[in-house]
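Residue numbers (this note's numbering), protein chains in the order written: chain A, 7 to 304; chain B, 7 to 304.
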């Protein structure tokens with residue numbers, strides 16, 4: 007692989023129609039050097055997470071083509087799902103993974119944002135490391151009000167888009183583009199249909215309301231009907247998955263609720279998985295070099 | 007790497023003198039195509055587990071050269087350690103890992119066994135898939151009586167070596183050579199110095215005395231002085247590590263003893279680690295393709 011590898015993880019507001027999801031992902035196939043690593047669709051969220059990797063140039067082209075296809079095929083006026091979203095392509099993060107720098111990813115986000123506006127007329131917000139103001143760093147803040155509240159939100163000066171007119175695209179809303187470190191999208195389903203329990207647990211475990219640093223969380227309803235704590239782990243090296251799982255388990259117990267199952271959305275770094283094994287098995291001195299496959303592919 | 011990859015895991019009866027261990031492992035460096043994947047030494051066991059990989063021809067050469075060096079540098083009359091052993095090189099398993107077949111590994115074991123006897127005059131037993139009789143399949147049965155009881159054991163017709171005279175090599179004892187599927191060597195330390203507790207737990211969890219299939223276990227003393235359940239997992243796909251750890255934890259509780267820590271000796275397949283994460287996090291639908299590194303190295 008290229009020495010300067012970028013990951014791009016568009017979140018698309020379609021998780022139910024396989025033909026539409028396929029058509030959107032296929033747009034990436036036209037770009038030389040862009041690889042589709044993973045596509046994960048969630049019916050209840052009505053959302054698909056597409057993971058791409060390649061050099062910066064291929065990621066820029068792939069992000070624009072995928073967005074063009076999603077804008078053509080998705081009408082947000084008819085979109086319903088248990089996950090907040092602003093537009094047909096809700097968010098496009100660029101992530102430095104193999105030698106690429108965060109500065110390169112910020113530049114990439116800015117370039118793609120400009121192209122999305124000039125060629126597709128979808129207004130663009132920049133977030134995370136690419137944010138243009140402190141109140142625009144956190145995705146949940148930008149997304150607050152969702153597609154349905156976007157027209158009104160855009161009329162406020164502080165929420166004018168970074169590129170484009172302050173009016174939502176009629177069917178595609180707006181898109182949030184940015185650069186961030188790798189994160190893990192992680193959902194934990196509780197053995198209850200009571201979404202307020204998941205919301206209370208989410209509040210207890212997330213950084214913004216006094217919980218674990220590097221953790222964003224919200225309570226939603228899962229495809230199976232179970233209440234779900236939907237989590238982003240911003241730095242799993244410092245706040246490992248097992249700690250988050252165990253805290254969710256303990257917090258849910260306050261309501262007499264157990265954990266049914268959990269789910270990793272998209273990709274996860276090997277080290278984050280090894281840390282779970284270390285925690286459960288109380289492993290001493292375990293090194294990733296002990297994983298057979300890690301040795302054979304060196 | 008070659009399409010027909012064999013793993014070879016010599017267990018050498020030296021875990022305390024780094025210069026001796028180094029000299030033994032270095033013998034492999036002379037063989038083109040042979041790679042040293044891992045060396046793990048245990049002072050309390052006074053034993054080192056060397057993991058090699060390469061094509062069949064390079065593994066045959068490496069096994070013989072390593073054995074020659076170990077025979078030259080180790081005197082079993084002075085060897086003490088908390089792990090049963092028959093000789094300077096205690097056991098040499100060949101493992102099919104990348105396209106190689108079990109039949110190839112059996113043939114390799116037979117060839118190496120013959121060479122070890124004819125060139126080094128160390129008598130050889132074949133075990134596991136390479137065994138020449140049912141009572142020689144299990145390593146613990148062959149090893150029973152250890153180096154100290156070997157001269158007497160060899161005088162029994164049923165324990166005549168497969169190659170060589172029925173007398174131990176004076177300083178190197180005998181070597182057991184064979185072919186087997188990949189196994190995981192796994193030690194669990196209990197928070198007690200009472201070795202009989204580890205022995206009782208080992209009996210409870212192992213196949214041979216009514217416990218889990220695919221599990222061999224014995225109670226020994228670890229380097230830190232803690233009682234240790236020393237385990238071989240013969241098929242971690244069917245009897246996963248988390249199940250074994252959890253059963254050890256429960257069995258130890260009967261004696262009021264907790265698990266201090268555990269340790270994977272040598273290499274472990276990625277799938278075995280993923281299964282621990284699946285168990286602890288109650289993961290639903292998690293595929294190894296979701297591991298970022300697995301994607302990038304494809």
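Quick reminder that beta carbons are idealized off the backbone N, C-alpha and C, glycines included. In this text the structure is predicted, and so the values were computed from the model without any measurement.
Same chain, Cβ closer than 8 Å to residue i, neighbours up to 5 away in sequence not counted
{"i": "residue 26 (chain A)", "result": "20, 79 and 80"}
{"i": "residue 217 (chain B)", "result": "209, 210, 211, 223 and 253"}
{"i": "residue 132 (chain B)", "result": "115, 116, 119, 138, 142, 168, 182, 183 and 184"}
{"i": "residue 121 (chain A)", "result": "66 and 70"}
{"i": "residue 53 (chain B)", "result": "17, 18, 19, 20, 21, 47, 87, 89, 91 and 96"}
For residue i, the three-state DSSP class (helix, strand or coil)
{"i": "residue 87 (chain B)", "result": "coil"}
{"i": "residue 155 (chain B)", "result": "helix"}
{"i": "residue 273 (chain A)", "result": "coil"}
{"i": "residue 75 (chain A)", "result": "helix"}
{"i": "residue 266 (chain B)", "result": "strand"}
{"i": "residue 95 (chain A)", "result": "strand"}
{"i": "residue 232 (chain A)", "result": "coil"}
{"i": "residue 169 (chain B)", "result": "strand"}
{"i": "residue 205 (chain B)", "result": "helix"}
{"i": "residue 119 (chain B)", "result": "helix"}
{"i": "residue 227 (chain B)", "result": "strand"}
{"i": "residue 255 (chain A)", "result": "helix"}
{"i": "residue 143 (chain B)", "result": "coil"}
{"i": "residue 163 (chain B)", "result": "helix"}
{"i": "residue 23 (chain B)", "result": "coil"}
Beta bridge counterpart(s) of residue i as assigned by DSSP
{"i": "residue 57 (chain A)", "result": "A:44"}
{"i": "residue 134 (chain B)", "result": "B:185"}
{"i": "residue 100 (chain B)", "result": "B:14 and B:185"}
{"i": "residue 175 (chain B)", "result": "B:179"}
{"i": "residue 238 (chain B)", "result": "B:191 and B:222"}
{"i": "residue 36 (chain B)", "result": "Answer is none; residue 36 (chain B) lacks a bridge partner."}
{"i": "residue 212 (chain A)", "result": "A:218"}
{"i": "residue 297 (chain B)", "result": "A:274"}
{"i": "residue 3 (chain B)", "result": "Any question about residue 3 (chain B) goes unanswered here, given that chain B covers just 7 to 304."}
{"i": "residue 114 (chain A)", "result": "BP columns for residue 114 (chain A) are empty, so no partner."}
{"i": "residue 105 (chain A)", "result": "A:11"}
{"i": "residue 289 (chain B)", "result": "A:268"}
Euclidean distance between Cα positions of residue i and residue j
{"i": "residue 142 (chain A)", "j": "residue 183 (chain A)", "result": "11 Å"}
{"i": "residue 266 (chain A)", "j": "residue 290 (chain B)", "result": "10 Å"}
{"i": "residue 268 (chain B)", "j": "residue 277 (chain B)", "result": "18 Å"}
{"i": "residue 139 (chain A)", "j": "residue 114 (chain A)", "result": "18 Å"}
{"i": "residue 150 (chain B)", "j": "residue 49 (chain B)", "result": "22 Å"}
{"i": "residue 64 (chain A)", "j": "residue 136 (chain A)", "result": "19 Å"}
{"i": "residue 205 (chain B)", "j": "residue 112 (chain A)", "result": "59 Å"}
{"i": "residue 165 (chain B)", "j": "residue 103 (chain A)", "result": "58 Å"}
{"i": "residue 275 (chain B)", "j": "residue 299 (chain A)", "result": "7 Å"}
{"i": "residue 258 (chain B)", "j": "residue 89 (chain B)", "result": "21 Å"}
{"i": "residue 100 (chain B)", "j": "residue 106 (chain B)", "result": "10 Å"}
{"i": "residue 264 (chain A)", "j": "residue 225 (chain B)", "result": "36 Å"}
{"i": "residue 7 (chain A)", "j": "residue 279 (chain A)", "result": "For residue 7 (chain A), the predicted structure reports a pLDDT of 42, less than 50, and the residue's modelled location is therefore unreliable. A value from the coordinates is still provided. Between residue 7 (chain A) and residue 279 (chain A), the C-alpha separation is close to 23 Å."}
{"i": "residue 294 (chain B)", "j": "residue 207 (chain B)", "result": "33 Å"}
{"i": "residue 73 (chain A)", "j": "residue 35 (chain A)", "result": "13 Å"}
{"i": "residue 4 (chain B)", "j": "residue 245 (chain A)", "result": "The structure shown does not extend to residue 4 (chain B), since chain B is modelled only from 7 to 304, so the question has no answer here."}
{"i": "residue 82 (chain B)", "j": "residue 281 (chain B)", "result": "39 Å"}
{"i": "residue 124 (chain A)", "j": "residue 145 (chain A)", "result": "23 Å"}
{"i": "residue 161 (chain B)", "j": "residue 13 (chain B)", "result": "33 Å"}
Own chain residues within Cβ distance below 6 Å of residue i, not counting five before or after
{"i": "residue 237 (chain A)", "result": "192 and 223"}
{"i": "residue 85 (chain B)", "result": "19"}
{"i": "residue 195 (chain B)", "result": "228, 232, 234, 266 and 267"}
{"i": "residue 57 (chain B)", "result": "15, 43, 44, 272 and 273"}
Whether residue i touches residue j by CB criterion (8 Å)
{"i": "residue 197 (chain B)", "j": "residue 232 (chain B)", "result": "yes"}
{"i": "residue 16 (chain B)", "j": "residue 95 (chain B)", "result": "yes"}
{"i": "residue 75 (chain A)", "j": "residue 33 (chain A)", "result": "yes"}
{"i": "residue 43 (chain A)", "j": "residue 273 (chain A)", "result": "yes"}
{"i": "residue 178 (chain B)", "j": "residue 55 (chain B)", "result": "no"}
{"i": "residue 292 (chain B)", "j": "residue 270 (chain A)", "result": "yes"}
{"i": "residue 173 (chain A)", "j": "residue 157 (chain A)", "result": "yes"}
{"i": "residue 68 (chain B)", "j": "residue 37 (chain B)", "result": "yes"}
{"i": "residue 59 (chain A)", "j": "residue 110 (chain A)", "result": "no"}
{"i": "residue 134 (chain A)", "j": "residue 186 (chain A)", "result": "yes"}
{"i": "residue 240 (chain A)", "j": "residue 287 (chain B)", "result": "no"}
{"i": "residue 129 (chain A)", "j": "residue 171 (chain A)", "result": "yes"}
beta-carbon residue i near the ligand FAD non-hydrogen atom, thresh 7 Å
{"i": "residue 211 (chain B)", "result": "This structure lacks the ligand FAD, and indeed carries no ligand of any kind."}
Proximal residues to residue i (C-beta, below 7 Å), its chain only, five neighbours per side dropped
{"i": "residue 284 (chain A)", "result": "292"}
{"i": "residue 31 (chain A)", "result": "42, 45 and 56"}
- prompt: Going along the chain, which residues of the stretch 264-287 of chain A sit with their C-beta nearer than 8 Å to a C-beta in chain C?
  reply: No chain C is present in this structure, whose protein chains are A and B.
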